[in-house]
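Below: the structure, in structure tokens.
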DNA sequence: CTAACTATGTTATTGTTGCTAACATATGTT
DNA sequence: AACATATGTTAGCAACAATAACATAGTTAG
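So this is what it looks like as structure tokens:
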């Protein structure tokens with residue numbers, strides 16, 4: 365009886381519904397795409413009724429926005445962690461960032477798409493952009509080191525942008541199945557390395 | 365009376381409902397995105413009831429697939445037309461193709477996204493891929509001319525792929541509002557020209 | 001010419017979805 | 001103990017994609 369009472373108490377107030385909804389939405393997003401799962405599906409996974417999520421998220425868009433923000437943060441952390449395994453400010457550390465980027469896209473394509481889509485996040489895009497800028501600055505700092513620039517100067521942003529463009533394009537081509545169109549096996553790592561070498565200006569910093 | 369009779373006849377059997385639905389869907393797609401318009405909206409524009417479209421398209425996905433196919437065809441035609449205004453097989457004609465590509469993405473972002481998305485076209489992706497290959501071959505042929513290759517050899521596909529990657533990435537960054545993040549004004553035409561020069565191997569054909 | 005067939009339209013209906021309203025219960029504060 | 005707040009429930013709506021049953025126009029065969 366006492367146990368039942370406690371169970372009922374726990375059953376009513378969920379404890380960490382917000383967190384579990386985010387987790388459920390993240391999994392469902394990757395498995396079925398943003399339109400392939402319903403709020404009810406997420407509710408069933410979290411074990412609550414269909415109206416419960418709206419105490420924590422304004423709507424489905426809002427829930428997915430948080431999933432996207434989390435994705436951008438994880439991407440930034442992964443890029444930093446991977447770059448730090450090479451000598452900083454080198455072609456190697458920079459292309460390592462690119463590899464992490466494309467790997468993320470391939471591993472979590474739906475999240476990746478959502479992270480960079482402007483639509484679907486009508487109201488609160490600015491939050492997403494802010495997290496995105498933070499993650500992008502990982503690349504910017506690395507390129508600044510490569511160029512021997514003391515700060516994120518325009519020289520740095522101009523050098524970094526084509527690299528972003530390249531790995532971004534490679535990511536989308538990969539997740540949309542366009543790497544099999546090309547009649548030769550695309551080696552992603554090699555593509556990134558070559559593109560990095562060709563698109564970056566020669567290093568003027570201390571490192572060659 | 366006779367006129368009324370004719371009008372009624374014309375009102376019932378629409379004449380070119382399929383075409384008008386495609387046109388309506390294309391317009392609605394660009395204005396509101398794929399999830400921002402309903403079948404009913406398209407029906408109202410075409411002046412028919414909500415069940416009429418299902419005589420011509422299996423479902424909404426199917427309707428949008430046809431819109432995407434049309435977009436790929438128009439892109440291919442535009443690339444060919446624009447490349448032909450320059451000396452064939454040159455950096456100029458090749459980067460012209462890239463400009464058309466990015467311009468299309470900017471002008472019709474939702475169609476562009478749909479053209480390259482794998483999801484949303486579950487059943488009949490192969491049709492889309494076929495049209496896509498035909499459009500891609502415009503670039504392949506131009507690069508073959510540049511390299512002096514008689515055919516679409518592996519040398520050609522290897523040289524062309526990084527170019528596609530670059531303009532594809534630039535397109536997505538542009539339509540997702542990422543060109544304003546960079547603290548310097550991105551000149552799209554210049555970006556494409558520079559990237560083409562750097563990513564292409566030196567010309568071995570007759571043209572320099 | 002007309003009868004049957006096919007193509008293409010209509011109205012009515014269904015099941016699902018995102019979301020809200022009204023209500024219930026737990027937690028925290030005074 | 002009483003009240004306020006946060007967080008859950010059930011019931012239900014309007015919009016949606018899609019289907020079923022029916023209606024009408026064009027087309028073809030006898």
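Residue numbers (my numbering), protein chains in the order written: chain A, 365 to 572; chain B, 365 to 572. Even glycine gets a Cβ: it sits at the ideal position worked out from N, Cα and C. Owing to the predicted nature of the structure, the values given are computational and were not obtained by experimental measurement.
| said: Would you say residue 491 of chain A lies against chain B (beta-carbon separation less than 8 Å)? | reply: If you number the first chain from 1, residue 491 of chain A lands on position 127. No, because no Cβ of chain B sits closer than 8 Å to the Cβ of residue 491 of chain A.
| Distance between residue 481 of chain A and residue 563 of chain A (C-alpha atoms, nearest Å) | Here the question's residue 563 of chain A lines up with position 199 in the first chain. Here the question's residue 481 of chain A lines up with position 117 in the first chain. Answer to the nearest angstrom: the Cα atoms are 26 Å apart.
| request: Please compile the residues from chain B whose C-beta is within a distance smaller than 7 Å of the C-beta of residue 518 of chain A. | output: The sequence position of residue 518 of chain A within the first chain is 154, counting from 1. Correct list: 547 and 548.
| Contact check, residue 440 of chain B vs residue 498 of chain B, beta carbons under 8 Å | Taking the second chain and counting its residues from 1, one reaches residue 440 of chain B at position 76. Taking the second chain and counting its residues from 1, one reaches residue 498 of chain B at position 134. Yes.
| Under the three-state DSSP convention, the category residue 563 of chain A falls into | To locate residue 563 of chain A, count along the first chain from 1; it is residue 199. Three-state DSSP puts residue 563 of chain A in a helix.
| request: Give the DSSP-derived three-state secondary structure of residue 516 of chain B in the structure shown. | output: Taking the first residue of the second chain as 1, we reach residue 516 of chain B at position 152. DSSP places residue 516 of chain B in coil when its eight states are reduced to three.
| field | Identity of the residue in B/531, B/536 and B/508 nearest residue 521 of chain B by Cα | value | Within the second chain, residue 521 of chain B is the residue found at index 157, counting from 1. Minimum Cα distance to residue 521 of chain B is reached at B/508.
| Closer than 7 Å at the beta carbon, the chain A residues around residue 562 of chain B | Along the second chain, read from residue 1 onward, the residue named residue 562 of chain B stands at position 198. Result: 562 and 563.
| message | Counting beta carbon pairs with one atom in the segment 417-426 of chain A and one in the segment 437-454 of chain A, are three or more of them shorter than 8 Å? | response | No, they do not touch.
| query | Under a CB-based cut-off of 8 Å, is residue 417 of chain A close to chain B? | reply | On the first chain, position 53 is the one that residue 417 of chain A refers to. Contacts with chain B at 8 Å (Cβ-Cβ) do not include residue 417 of chain A.
| CB of residue 452 of chain B within 8 Å of CB of residue 553 of chain B, strictly | As a first step, residue 452 of chain B is located in the second chain; it is residue number 88 there, counting from the start. As a first step, residue 553 of chain B is located in the second chain; it is residue number 189 there, counting from the start. Going by C-beta atoms, residue 452 of chain B is not nearer than 8 Å to residue 553 of chain B.
| request: Can you grab the Cα-Cα spacing for the pair residue 457 of chain B / residue 532 of chain B, in whole Å? | output: Taking the first residue of the second chain as 1, we reach residue 457 of chain B at position 93. Taking the first residue of the second chain as 1, we reach residue 532 of chain B at position 168. Whole-angstrom Cα-Cα distance: 17 Å.
| Limits of the alpha helix (DSSP H) - the one that residue 481 of chain A falls within | If you number the first chain from 1, residue 481 of chain A lands on position 117. Careful: residue 481 of chain A lies outside any alpha helix (DSSP H) and carries neither H nor E.
| request: Anything in chain A within Cβ reach of residue 480 of chain B, meaning under 9 Å, just list it in chain order. | output: Your numbering for residue 480 of chain B matches position 116 in the second chain. For residue 480 of chain B, the neighbours in chain A by C-beta distance under 9 Å run, in chain order, 536, 537, 540 and 542.
| Residues near residue 381 of chain A in its chain [Cβ-Cβ closer than 7 Å; skip 5 each side] | Translated into the one-based positions of the first chain, residue 381 of chain A becomes position 17. Answer for residue 381 of chain A: 410, 412, 416 and 420, listed in chain order.
| message | Can you look up residue 526 of chain A in the DSSP assignment and give me helix, strand or coil? | response | Position 162 of the first chain holds residue 526 of chain A. If DSSP states are grouped into helix, strand and coil, residue 526 of chain A belongs with the helices.
| Burial state of residue 367 of chain A, where buried means 16 or more other Cβ atoms lie within 10 Å | On the first chain, residue 367 of chain A is found 3 positions in, with the first residue counted as 1. Note that residue 367 of chain A scores a pLDDT of 32, beneath 50, so its modelled location is shaky and nothing firm can be said.
| Which residues, in chain order, does the segment 415-446 of chain B contribute to contact with chain A at a C-beta distance below 8 Å? | Flagged: no residues at all.
| query | Is there a Cβ from chain A that is less than 8 Å from the Cβ of residue 525 of chain B? | reply | Numbered from its first residue, the second chain carries residue 525 of chain B at position 161. With 8 Å as the cut-off, residue 525 of chain B counts as an interface residue toward chain A.
| field | residue 452 of chain A - DSSP class collapsed to helix/strand/coil | value | Here residue 452 of chain A corresponds to residue number 88 of the first chain, with the count starting at 1. Note: residue 452 of chain A maps to coil in three-state DSSP.
| said: Which of the three DSSP states is assigned to residue 502 of chain B in this structure? | reply: Stepping through the second chain from its first residue, residue 502 of chain B is reached at position 138. Three-state result, residue 502 of chain B: helix.
| query | Which chain B residues are close to residue 522 of chain A, counting only those with a beta carbon under 7 Å from its beta carbon? | reply | As a working note, residue 522 of chain A is residue 158 in the first chain. Within chain B, the residues near residue 522 of chain A are 548.
| field | CB contact flag (residue 431 of chain A, residue 556 of chain A, <8 Å) | value | Stepping through the first chain from its first residue, residue 431 of chain A is reached at position 67. Stepping through the first chain from its first residue, residue 556 of chain A is reached at position 192. Against a cut-off of 8 Å, the Cβ pair of residue 556 of chain A and residue 431 of chain A comes out as no contact.
| Which chain A residues are close to residue 498 of chain B, counting only those with a beta carbon under 7 Å from its beta carbon? | Within the second chain, numbered from 1, the residue matching residue 498 of chain B stands at position 134. The contacting residues do not exist; residue 498 of chain B stays about 11 Å from chain A at best.
| Inter-stretch contact (C-beta, 8 Å, three-pair minimum) for the segment 481-491 of chain A and the segment 535-555 of chain A | no
| task | Output the boundary residues of the alpha helix (DSSP H) element that contains residue 431 of chain A. | result | Position 67 of the first chain, counting from 1, holds the residue named residue 431 of chain A. Note, residue 431 of chain A: alpha helix (DSSP H), 424-447.
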